[in-house]
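Sequence lines, in order, name chains A and B.
Just so we're aligned: the first sequence equals residues 0 to 155 in numbering that gives the first Met the number 0.
Just so we're aligned: the second sequence equals residues 0 to 422 in numbering that gives the first Met the number 0.
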Amino acid sequence: MINIKLNVNGKDYSLEIEEDKRLIDVLREDLRFTGVKEGCSEGECGACSVIMDGRIVNSCLVMAVQANGSSIVTVEGLVKDGELDPVQRAFIEKGATQCGYCTPGFIMAARAFLNRAKDPTREEIREAISGNLCRCTGYNKIVDAIEEAYRYEKGI
Amino acid sequence: MKREFKVVGKNIHRVDAFKKVTGRAIYPEDIFMENMAYGKTLRSTIAHGYVSLDTREAEKIDGVLGIFTYKDVPNNRYGVVYKDQEVFVSKKVKRVGDPLAFVVAENEKLCDLALEKIKVYYEEIEGVFDPVEAMEEDAPKVHGKSNILYHFKIRKGDVEEGFRRSHVIVENTYKTHMVDHAFLQPEAGIGYIDEEGRVAVIVSTQYPHYDMEEIASTLNIPIDQVRVINAYVGGAFGGREDISLQIHLALAAKVLKRPVKTIYSREESFLAHSKRHAMVMRYKTGADKEGNLLAMETVIIGDTGAYASWGENVMRKAGVHATGPYYIPNVKVDSYAVYTNNPFAGAVRGFGATQVPVAYEQQMDALAVKLGMDPVTIRMKNIFKVGSETATGQILTEGVPLEECLSKLVEAMGYPYGKEAYR
Numbered sequence: 000m001i002n003i004k005l006n007v008n009g010k011d012y013s014l015e016i017e018e019d020k021r022l023i024d025v026l027r028e029d030l031r032f033t034g035v036k037e038g039c040s041e042g043e044c045g046a047c048s049v050i051m052d053g054r055i056v057n058s059c060l061v062m063a064v065q066a067n068g069s070s071i072v073t074v075e076g077l078v079k080d081g082e083l084d085p086v087q088r089a090f091i092e093k094g095a096t097q098c099g100y101c102t103p104g105f106i107m108a109a110r111a112f113l114n115r116a117k118d119p120t121r122e123e124i125r126e127a128i129s130g131n132l133c134r135c136t137g138y139n140k141i142v143d144a145i146e147e148a149y150r151y152e153k154g155i
Numbered sequence: 000m001k002r003e004f005k006v007v008g009k010n011i012h013r014v015d016a017f018k019k020v021t022g023r024a025i026y027p028e029d030i031f032m033e034n035m036a037y038g039k040t041l042r043s044t045i046a047h048g049y050v051s052l053d054t055r056e057a058e059k060i061d062g063v064l065g066i067f068t069y070k071d072v073p074n075n076r077y078g079v080v081y082k083d084q085e086v087f088v089s090k091k092v093k094r095v096g097d098p099l100a101f102v103v104a105e106n107e108k109l110c111d112l113a114l115e116k117i118k119v120y121y122e123e124i125e126g127v128f129d130p131v132e133a134m135e136e137d138a139p140k141v142h143g144k145s146n147i148l149y150h151f152k153i154r155k156g157d158v159e160e161g162f163r164r165s166h167v168i169v170e171n172t173y174k175t176h177m178v179d180h181a182f183l184q185p186e187a188g189i190g191y192i193d194e195e196g197r198v199a200v201i202v203s204t205q206y207p208h209y210d211m212e213e214i215a216s217t218l219n220i221p222i223d224q225v226r227v228i229n230a231y232v233g234g235a236f237g238g239r240e241d242i243s244l245q246i247h248l249a250l251a252a253k254v255l256k257r258p259v260k261t262i263y264s265r266e267e268s269f270l271a272h273s274k275r276h277a278m279v280m281r282y283k284t285g286a287d288k289e290g291n292l293l294a295m296e297t298v299i300i301g302d303t304g305a306y307a308s309w310g311e312n313v314m315r316k317a318g319v320h321a322t323g324p325y326y327i328p329n330v331k332v333d334s335y336a337v338y339t340n341n342p343f344a345g346a347v348r349g350f351g352a353t354q355v356p357v358a359y360e361q362q363m364d365a366l367a368v369k370l371g372m373d374p375v376t377i378r379m380k381n382i383f384k385v386g387s388e389t390a391t392g393q394i395l396t397e398g399v400p401l402e403e404c405l406s407k408l409v410e411a412m413g414y415p416y417g418k419e420a421y422r
């Protein structure tokens with residue numbers, strides 16, 4: 000067992016965990032942030048995407064000990080004071096979710112991208128979500144939603 | 000006058016969208032119950048052969064709660080159309096991935112350890128992996144005396160006469176490959192005894208009512224003592240029409256009287272569920288000088304793998320759609336679902352109608368080339384219209400906007416249809 004400290008969605012946690020746990024295991028099993036999804040366990044599908052210290056990561060490829068001391072944002076952390084994040088609102092508005100399993104990962108990838116983006120093109124948006132797979136084939140609507148979220152944020 | 004509707008033409012939010020964008024949509028793996036144990040499946044690593052297990056050493060591991068095999072299942076057989084699948088293999092393995100045993104332990108690591116400690120003895124026998132070879136008399140048999148599960152026929156008009164009158168004939172063989180649904184959420188479920196003492200399974204499924212029947216019949220309990228609760232389903236596309244872990248979880252929960260959870264890895268998910276039928280399609284199509292189709296003859300062989308699943312229905316649909324959306328007066332279709340020792344094939348989007356266009360559309364292109372005709376013209380000449388008769392004798396009385404669709408498509412593409420000759 001090993002001790003780690005994590006800040007998840009703005010709250011500090013001190014945890015005693017088994018050394019071989021991945022970040023996704025700690026988030027899902029120990030802290031019950033089950034919005035983090037596991038689709039492939041090898042960094043291919045992006046369903047487990049979370050923001051770690053401002054960067055998008057596959058939480059299935061990060062060992063929990065590697066995340067020690069870092070700040071993590073999961074999809075659960077995007078709702079502030081009962082208000083949805085603009086990305087979440089846009090995903091609803093544009094019909095960008097189908098089975099929903101890839102959705103948290105896409106939303107986190109979009110959030111991390113929009114934190115830095117300036118007048119993003121559709122190509123840049125596609126690049127930003129290139130680490131995420133959707134099998135219901137909803138990519139166009141997902142790109143539409145991310146464009147829409149940018150407009151919400153800029154008030155345009 | 001433009002009519003205003005309450006729903007049509009309006010942007011309606013999905014009823015479950017809020018839960019899905021906030022991470023609150025609950026899939027089976029997101030459920031944690033008090034005193035929950037974990038289950039993992041032992042699967043065959045060979046495709047064809049006799050198997051026996053020695054579970055004694057695995058059972059001795061502290062924290063292993065139960066190891067279930069065919070001996071624990073009152074009625075070991077199930078299947079959506081034919082009961083040709085076993086909950087656990089009793090004697091003969093028929094494909095890589097056949098379930099041999101289900102191990103339940105206090106945690107997943109102990110399950111893995113127990114799986115390693117089960118001794119598996121195989122006596123391999125020759126398998127058959129090509130559906131065309133599998134149809135031969137002396138091919139190894141997967142089930143019973145013949146590998147041909149199903150043969151569908153269409154006989155319309157006189158194809159020999161049609162080919163005699165044809166100016167051009169093209170004959171080709173087309174093959175499509177096996178495809179996995181690869182739905183994003185691997186199979187997961189949790190079995191438990193509910194507050195009224197019934198066996199309950201929470202699972203992501205396409206058929207909770209079928210699952211209930213299969214659990215009740217295999218465990219030999221009344222159907223009103225079984226509950227199947229459909230959680231959110233992370234994609235399915237046909238791949239959750241067959242049983243995967245439902246019976247294993249129900250059995251373990253019933254015997255152990257504890258909640259038991261199972262989550263498949265992506266690899267196990269590939270092993271566990273059906274595939275799209277790989278097909279071999281031999282086509283012969285004839286047309287007159289003007290490009291009017293006169294005859295089509297086809298043999299379509301579908302690799303249904305080790306189990307029937309929906310193979311019969313899929314290959315019927317492939318046969319029914321064999322002409323494509325084209326009127327042909329003389330048609331002969333023979334489609335087959337054939338057992339092999341490959342992964343079993345079943346429902347996938349399109350359900351048999353997806354593979355045949357690879358063949359019939361390329362036949363149209365090949366005929367167009369032979370006739371020096373452009374590929375749109377030959378399609379327009381033969382395409383179904385209101386009043387057309389299909390190969391099965393159905394008269395299409397309404398809703399056949401194919402000409403309009405193709406015209407719009409050609410226009411949108413800027414394709415010079417009717418303006419210059421196609422070469």
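Just so you know, even glycine gets a beta-carbon here, dropped at the ideal spot from N, CA and C.
On a predicted model such as this, the values are computed, not experimentally measured, just so you know.
What separation, rounded to the nearest whole angstrom, lies between the Cα atoms of residue i and residue j?
i, j, result
"Leu-244 (chain B)", "Gly-323 (chain B)", "38 Å"
"Tyr-149 (chain A)", "Cys-98 (chain A)", "24 Å"
"Cys-27 (chain A)", "Val-225 (chain B)", "It should be pointed out that residue 27 (chain A) corresponds to Arg in this sequence rather than to Cys. Spanning the two alpha carbons is a distance of roughly 29 Å."
"Ala-57 (chain B)", "Gly-34 (chain A)", "35 Å"
"Asn-6 (chain A)", "Leu-30 (chain A)", "11 Å"
"Asn-2 (chain A)", "Asn-67 (chain A)", "9 Å"
"Val-424 (chain B)", "Tyr-12 (chain A)", "With chain B represented from 0 up to 422, any question about residue 424 (chain B) goes unanswered, as that position is not in the structure."
"Tyr-421 (chain B)", "Cys-101 (chain A)", "Confidence at Tyr-421 (chain B) is low in this model, with a pLDDT of 49, below 50, so its placement is unreliable and no value can be given for it."
"Phe-350 (chain B)", "Arg-23 (chain B)", "32 Å"
"Leu-250 (chain B)", "Val-74 (chain A)", "35 Å"
"Lys-118 (chain B)", "Glu-267 (chain B)", "20 Å"
"Tyr-378 (chain B)", "Gly-156 (chain B)", "The residue asked about is misnamed: residue 378 (chain B) is Arg in this sequence, not Tyr. The straight-line gap from Cα to Cα measures roughly 21 Å."
"Gly-473 (chain B)", "Ala-344 (chain B)", "An answer regarding residue 473 (chain B) cannot be provided, because it is not within the stretch 0 to 422 covered by chain B."
"Ser-51 (chain B)", "Gly-143 (chain B)", "21 Å"
"Asp-29 (chain B)", "Tyr-359 (chain B)", "45 Å"
"Ile-106 (chain A)", "Gln-87 (chain A)", "7 Å"
"Arg-275 (chain B)", "Leu-41 (chain B)", "24 Å"
"Glu-3 (chain B)", "Lys-9 (chain B)", "9 Å"
"Lys-1 (chain B)", "Gly-190 (chain B)", "53 Å"
"Ala-181 (chain B)", "Val-347 (chain B)", "11 Å"
"Thr-44 (chain B)", "Asp-210 (chain B)", "26 Å"
"Phe-128 (chain B)", "Thr-339 (chain B)", "5 Å"
"Glu-105 (chain B)", "Val-63 (chain B)", "6 Å"
"Asp-241 (chain B)", "Pro-221 (chain B)", "21 Å"
"Glu-132 (chain B)", "Arg-281 (chain B)", "15 Å"
"Thr-423 (chain B)", "Ser-273 (chain B)", "Past the edges of chain B, shown from 0 to 422, lies residue 423 (chain B), and the structure says nothing about it."
So, for residue i: in the same chain, excluding its five sequence neighbours on each side, which residues have a beta-carbon less than 6 Å away from its beta-carbon?
i, result
"Val-357 (chain B)", "Tyr-173, Thr-175"
"Val-375 (chain B)", "Val-409, Tyr-416"
"Glu-125 (chain B)", "Pro-139"
"Val-61 (chain A)", "Leu-22"
"Gly-38 (chain B)", "Phe-101, Val-103, Ala-251, Val-259, Thr-261"
"Lys-253 (chain B)", "Val-198"
Just to confirm my understanding: we take residue i, look at its own chain, exclude 5 residues before and 5 after, and list those with CB closer than 7 Å. What are they?
i, result
"Leu-293 (chain B)", "Gly-161, Arg-164, Ser-165, Gly-285, Ala-286, Asp-287, Pro-328, Asn-329"
"Ile-60 (chain B)", "Leu-109, Leu-112, Ala-113, Lys-116"
"Gly-188 (chain B)", "Pro-27, Val-200, Ile-201, Val-202, Leu-244, Gln-245, Leu-248, Thr-261"
"Glu-397 (chain B)", "Val-385"
Is it the case that the Cβ atoms of residue i and residue j are separated by a distance below 8 Å?
i, j, result
"Ala-89 (chain A)", "Phe-112 (chain A)", "no"
"Tyr-49 (chain B)", "Lys-90 (chain B)", "yes"
"Tyr-149 (chain B)", "Met-278 (chain B)", "no"
"Val-142 (chain A)", "Ile-155 (chain A)", "no"
"Val-88 (chain B)", "Ser-308 (chain B)", "no"
"Val-337 (chain B)", "Met-134 (chain B)", "yes"
"Lys-93 (chain A)", "Glu-147 (chain A)", "yes"
"Glu-170 (chain B)", "Lys-316 (chain B)", "no"
"His-47 (chain B)", "Lys-93 (chain B)", "yes"
"Ile-25 (chain B)", "Ala-235 (chain B)", "no"
"Gly-310 (chain B)", "Ile-153 (chain B)", "no"
To which residues of the same chain is residue i closer than 8 Å at the C-beta, ignoring the five residues directly before and after it?
i, result
"Met-0 (chain A)", "Glu-15, Ile-16, Glu-17, Glu-18"
"Ile-246 (chain B)", "Val-72, Tyr-77, Val-86, Glu-213, Ile-214, Thr-217, Leu-218"
"Ile-394 (chain B)", "Gly-386, Ser-387, Glu-388"
"Cys-241 (chain A)", "For residue 241 (chain A) there is no data in the structure shown, the boundaries of chain A being 0 and 155."
Got a sec: which bits of the stretch 0-23 of chain B sit with their beta carbon under 8 Å from any beta carbon on chain A, in order along the chain? Taking a C-beta cut-off of 8 Å against chain A, the contacting residues of the stretch 0-23 of chain B are Asn-10, His-12, Arg-13, Asp-15, Ala-16, Phe-17, Lys-18, Lys-19, Val-20, Thr-21, Gly-22, Arg-23, listed in chain order.
Any residues in the stretch 162-184 of chain B with a beta carbon nearer than 9 Å to a beta carbon of chain A? Which ones, in chain order? His-180, Ala-181, Phe-182, Leu-183, Gln-184
Closer than 8 Å, Cβ to any Cβ of chain B: which residues of the stretch 99-126 of chain A, in chain order? Those would be Gly-99, Tyr-100, Cys-101, Thr-102, Pro-103, Ile-106, in chain order.
Near-chain A residues of the stretch 259-275 of chain B (beta-carbon distance less than 7 Å), N- to C-terminal order: Among the residues of the stretch 259-275 of chain B, those with a Cβ less than 7 Å away from any Cβ of chain A are Ser-264, Arg-265, in the order of the chain.
Which residues, in chain order, does the stretch 223-250 of chain B contribute to contact with chain A at a C-beta distance below 7 Å? From the stretch 223-250 of chain B, only Tyr-231, Val-232, Gly-233, Gly-234 have a Cβ closer than 7 Å to chain A.
Contained beta strand (DSSP E) runs [length at least 3] in the stretch 4-36 of chain A, N- to C-terminal order: 10-16
Mind pulling the alpha helix (DSSP H) runs of 4 or more residues that sit fully within the stretch 353-412 of chain B? 355-370, 374-381, 401-412
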